[in-house]
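Peer 1:
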Amino acid sequence: MRILIIGAGGVGSSAALIAARRDFYDSVVIADYDGSRAQTLAERIDDPRFSAIGLDASDAQAVAQACRSHQITHVLNVVDPRFVMSIFEGAFLAGADYLDTAMSLSSRHPEKPYELT
1 MRILIIGAGG VGSSAALIAA RRDFYDSVVI ADYDGSRAQT LAERIDDPRF
51 SAIGLDASDA QAVAQACRSH QITHVLNVVD PRFVMSIFEG AFLAGADYLD
101 TAMSLSSRHP EKPYELT
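Per my numbering, the sequence shown starts with residue 1, numbered consecutively.
#1: Where G125 and R82 are concerned, what is the direct C-alpha to C-alpha distance, given to the nearest angstrom?
#2: For V84 and L93, I'd like the C-alpha separation in whole angstroms.
#3: Determine, using beta-carbon pairs with one atom in the stretch 57-67 and one in the stretch 36-43, whether at least three such pairs fall under 8 Å.
#4: If we call anything under 7 Å between Cβ atoms a contact, is I30 one with A52?
#5: Let me make sure I understand the geometry here. Which of D26, L76 and S27 has the alpha-carbon closest to that of A57?
#6: Any idea what DSSP makes of R21, helix, strand or coil?
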């Protein structure tokens with residue numbers, strides 16, 4: 001299992017720090033719009049299974065390319081809910097499984113936008 005964690009803020013940092021204590025995966029790539037923040041977190045963890053990249057979560061093609069480049073099998077989205085669709089689409093395009101911590105609808109229903117779908 002090769003995991004891409006998108007977001008190196010509070011939730012992403014917590015997820016990465018917990019993952020560092022586990023051994024069910026081969027590698028974790030920490031991604032953030034601010035690549036230096038992702039790099040700082042990877043250095044803090046100090047585990048050869050962890051690496052870091054800069055990534056624009058609003059760009060589905062960039063997410064897909066990051067997944068392909070790092071042979072990602074699973075994407076964990078821990079950023080603002082407005083990026084759900086672009087990250088989901090990027091993971092889908094790359095054939096990666098997707099996990100989301102956002103408590104929001106992915107997209108509005110075309111005929112019933114204010115109802116749960």
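Every residue gets a Cβ at the ideal spot worked out from N, C-alpha and C, and that includes glycine.
Peer 2: According to the structure data:
#1: Look at the range of the chain in this structure, 1 to 117, and you will see that residue 125 is not part of it.
#2: 14 Å
#3: The stretch 57-67, when compared against the stretch 36-43, does not touch it at the 8 Å Cβ threshold.
#4: The answer is yes: Cβ separation under 7 Å.
#5: In terms of Cα proximity to A57, the closest of D26, L76 and S27 is L76.
#6: coil
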